[in-house]
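Trainee:
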Amino acid sequence: MNVIADSYVATFCISQEAKNVKECHEKIDKKINDFITELKNYGITQNDVFVDFITQTQITDYKVVGNYSEQYISGFELKKNIIIHFKNIADLDKIMVVAANYEIYDLANVEYNVLDVNNVYLQLFNSAIEVINQKKRFIYKIYKH
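Counting from 0, one number per residue, gives the positions in the sequence shown under numbering that gives the first Met the number 0.
1. Could you tell me the distance, in whole angstroms, from the CA atom of residue 26 to the CA atom of residue 98?
2. Please state whether the Cβ-Cβ distance between residue 4 and residue 80 is less than 8 Å.
3. What is the DSSP secondary structure of residue 121, reduced to helix, strand or coil?
4. Compare the Cα-Cα distances from residue 49 to each of 85, 19, 41, 55 and report the closest residue.
5. Below 8 Å between beta carbons: does that hold for residue 54 and residue 70?
6. Which two residues bound the contiguous alpha helix (DSSP H) that contains residue 37?
7. Helix, strand or coil for residue 102 per DSSP?
8. Quick check: residue 105 and residue 11, are their CB atoms within less than 8 Å of each other?
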């Protein structure tokens, strides 16, 4: 059953690499804050956005000298999710363009929310009952003749 959603939630993933943790956080937070600020032009407020910290990991590399290799920490990677609630599905294209301006390319998920989901279930249930009743009438006609 196709039902028009009442609202949507898009999850974008962003990652940032830098030489140290502080620089990583500063760079990713600037991108996210600038992104959120620009979204206000499309009616998406700060209350419509949630930023979720995902992970912070070390980036390692190797130095090779002759037959000897040494692993060392070459930097850090930080990952966050930006979760955006919006009402009009046409806004998703606009959000994606704005996101790309801030090197946010990974749209991980879009959820479609229906407020009165029980009414949808009731409609599906009634449709299923009608299909069952049609089959019962058909079978009854076969055995009647």
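Even for Gly, the Cβ is constructed at its ideal location relative to N, Cα and C.
Mentor: According to the structure data:
1. 15 Å
2. no
3. helix
4. 85
5. no
6. 20 to 38
7. coil
8. yes
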